[in-house]
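**Student:** My structure is below; once you've seen it, I'll send some questions.
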Amino acid sequence: MQIQQLHPWDVSASEAIAIQQRLRGMVSLEDAPQLNAADGVKLIAGVDISTSGIARAAVVLLSFPTLELVEAVIADRPLDFPYVPGLLSFREAPAILAAFEKLSQTPDLIMFDGQGIAHPRRFGIASHIGVILDIPSFGCAKSLLRGKPEGELGAERGAIVPLIDKGEQVGAAVRTRDGVNPVYISPGTHISIDTAVRYALACATGKYRLPEPTRLAHNTAALPKS
Numbered sequence: 160m161q162i163q164q165l166h167p168w169d170v171s172a173s174e175a176i177a178i179q180q181r182l183r184g185m186v187s188l189e190d191a192p193q194l195n196a197a198d199g200v201k202l203i204a205g206v207d208i209s210t211s212g213i214a215r216a217a218v219v220l221l222s223f224p225t226l227e228l229v230e231a232v233i234a235d236r237p238l239d240f241p242y243v244p245g246l247l248s249f250r251e252a253p254a255i256l257a258a259f260e261k262l263s264q265t266p267d268l269i270m271f272d273g274q275g276i277a278h279p280r281r282f283g284i285a286s287h288i289g290v291i292l293d294i295p296s297f298g299c300a301k302s303l304l305r306g307k308p309e310g311e312l313g314a315e316r317g318a319i320v321p322l323i324d325k326g327e328q329v330g331a332a333v334r335t336r337d338g339v340n341p342v343y344i345s346p347g348t349h350i351s352i353d354t355a356v357r358y359a360l361a362c363a364t365g366k367y368r369l370p371e372p373t374r375l376a377h378n379t380a381a382l383p384k385s
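In my numbering, the protein residues as written are 160 to 385.
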């Protein structure tokens with residue numbers, strides 16, 4: 160896969176913030192053509208990471224819309240960057256990019272367990288890696304980092320309310336299974352909020368809270384318990 164080297168990873172927190180502020184101008188919230196074309200998305204990747212002394216990243220590749228597993232890869236890397244909220248991509252991205260390098264095929268769309276533009280600087284890990292890979296991407300997070308749901312979310316699968324931060328919609332709270340907590344969808348790059356929500360729901364079987372790409376990536380990334 161083509162991985163652009165847009166910046167170093169061995170940086171300070173202040174340098175990392177400056178990198179985010181510089182690169183966020185490369186984020187596009189317009190849909191890439193394949194996202195709305197018939198049979199345009201054939202492969203969707205799910206990404207998650209676990210940490211326990213090291214970072215283990217998993218990338219799973221699923222067929223779309225059948226959601227059959229095509230490929231799964233993992234990569235382990237040291238945790239060289241400290242835990243700083245809002246800067247997790249600098250802690251996690253080296254392992255994630257190493258995993259992407261192992262893929263034999265390139266996905267048409269990537270779903271991250273994390274944030275896209277629902278981030279203090281509108282540049283969460285889904286945006287960061289999406290820009291580096293130049294592939295449409297979005298975040299599907301289990302918790303909020305930025306923004307609040309506007310209005311009451313219905314209890315049924317498919318219920319949606321906007322996620323608002325400082326008067327700007329940065330994503331949506333989405334119910335993927337009847338009666339369970341929502342997930343929080345936000346665009347990474349080359350995708351709109353509505354299209355990200357559409358693909359999240361298309362990948363959610365209704366059996367689990369998490370859509371299949373990130374659910375399988377989560378299971379694949381699990382480190383053995385010590």
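Think of the CB as a built atom: it goes at the ideal place given N, C-alpha and C, for glycine as much as any other residue.
1. Cutting at 6 Å between CB atoms, please list the residues of its own chain near residue 209, excluding the five before and the five after it.
2. In the DSSP output, what is residue 228 paired with across the bridge?
3. CB-CB under 8 Å to residue 304, same chain, minus the five flanking residues each way: which ones, in chain order?
4. Which residue's Cα is closest to the Cα of residue 358: 171, 224, 339?
5. Expressed to the nearest angstrom, what Euclidean distance is found between the alpha-carbon atoms of residue 179 and residue 287?
6. Which value, in whole angstroms, describes the spacing of the CA atoms of residue 231 and residue 172?
7. Name the one or two DSSP bridge partners that residue 268 has.
8. Just to confirm the assignment, what range does the beta strand (DSSP E) spanning residue 328 have?
9. Can you give the Cα-Cα distance for residue 176 and residue 182, rounded to whole angstroms?
10. Taking the DSSP output, what are the residues bridged to residue 215?
11. Work out the CA separation of residue 349 and residue 195 for me, nearest whole Å.
12. How big is the Cα-Cα spacing for residue 378 and residue 199?
13. Please classify residue 367 as buried or exposed, where buried requires at least 16 other C-beta atoms within 10 Å of its C-beta.
14. Can you tell me whether residue 289 is helix, strand or coil according to DSSP?
15. Can you give me the start and stop residues for the beta strand (DSSP E) that residue 300 sits inside?
16. Within a Cβ cutoff of 7 Å, which residues of the same chain sit near residue 233, ignoring the five residues on either side of it in sequence?
17. Mark residue 242 as exposed unless 16 or more other C-beta atoms lie within 10 angstroms of its C-beta, in which case mark it buried.
18. Can you grab the Cα-Cα spacing for the pair residue 334 / residue 309, in whole Å?
19. Determine the closest residue to residue 187 out of 371, 345, 363, 207, with distance taken between C-alpha atoms.
20. Looking at C-alpha atoms only, which residue of 371, 292, 322, 272 is the closest neighbour of residue 165?
21. Decide if residue 404 is buried, meaning its Cβ has at least 16 other Cβ atoms within 10 Å, or exposed.
22. Residue 205 and residue 327 - do their beta-carbons sit closer together than 9 Å?
**Tutor:** In terms of the structure at hand:
1. 215, 380, 381, 382
2. 221
3. 244, 245, 274, 277, 278, 279, 283
4. 224
5. 8 Å
6. 32 Å
7. 203
8. 327-333
9. 10 Å
10. 209, 235
11. 12 Å
12. 27 Å
13. exposed
14. helix
15. 296-300
16. 215, 216, 217, 258, 379, 380
17. exposed
18. 14 Å
19. 345
20. 292
21. For the chain, the structure presents residues 160 to 385; residue 404 sits outside this window and is missing.
22. no
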